[in-house]
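Note that the sequence shown ends on residue 123 in the working numbering; no numbers are left out.
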Amino acid sequence: KVWMNIWALHHDEKYFDEPYEFKVERFLDDDGNLLPGNERKSFLPFGVGKRECLGEAMAKVRMFLFVTSLLQRLEIFPEDKNNPPDPDPTKFTYAIAIQPGPFNIFVKDRESRK
10 KVWMNIWALH
20 HDEKYFDEPY
30 EFKVERFLDD
40 DGNLLPGNER
50 KSFLPFGVGK
60 RECLGEAMAK
70 VRMFLFVTSL
80 LQRLEIFPED
90 KNNPPDPDPT
100 KFTYAIAIQP
110 GPFNIFVKDR
120 ESRK
């Protein structure tokens with residue numbers, strides 16, 4: 010059996026300039042719209058082929074609703090504004106899920122909701 014290392018693909022400088030930097034613009038056109046799938050062939054977060062995730066569409070919708078709901082209701086801050094969490098992905102733990110190092114945050118209701 011052959012398995013594809015998707016993490017390695019997503020961090021290969023051959024396909025992505027500065028692969029360890031979060032750059033959402035690499036997936037957007039000049040007007041800020043999502044590039045069509047044929048222009049994002051190197052981005053495969055849900056796998057490909059026979060082993061492609063069957064729940065991709067549902068997962069994307071659920072994640073969008075979950076994250077937007079959190080951001081609408083809450084303000085999230087690092088515990089120490091002068092020392093935010095280290096965003097360097099080379100220091101993350103990679104397993105089934107990607108995990109950054111431990112860090113503390115403050116969460117409070119948005120003022121607009123009171």
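Where is the CB? At the ideal position from N, CA and C, for every residue including glycine. Keep in mind the model is a prediction, meaning the values are calculated, not measured.
Helix, strand or coil for Ile-107? Go by DSSP, reduced to three states. Strand.
Can you list, in chain order, the residues of its chain whose CB lies under 7 Å from that of Ile-114, leaving out five sequence neighbours each side? For Ile-114, where only same-chain residues beyond five positions count, the Cβ hits under 7 Å are Ile-85, Phe-86, Pro-87 and Glu-88.
Three or more C-beta pairs below 8 Å linking the region 37-56 and the region 105-114: Counting C-beta pairs closer than 8 Å gives fewer than three between the region 37-56 and the region 105-114, which falls short of the contact rule.
On a Cα-Cα basis, can you pick out the residue from Leu-53, Asp-40 and Asp-38 that is closest to Asp-21? Closest option to Asp-21, Cα to Cα, is Leu-53.
Boundaries (first-last residue) of the alpha helix (DSSP H) holding Glu-65: It spans 65-82 - the alpha helix (DSSP H) in which Glu-65 sits, taken as one unbroken run.
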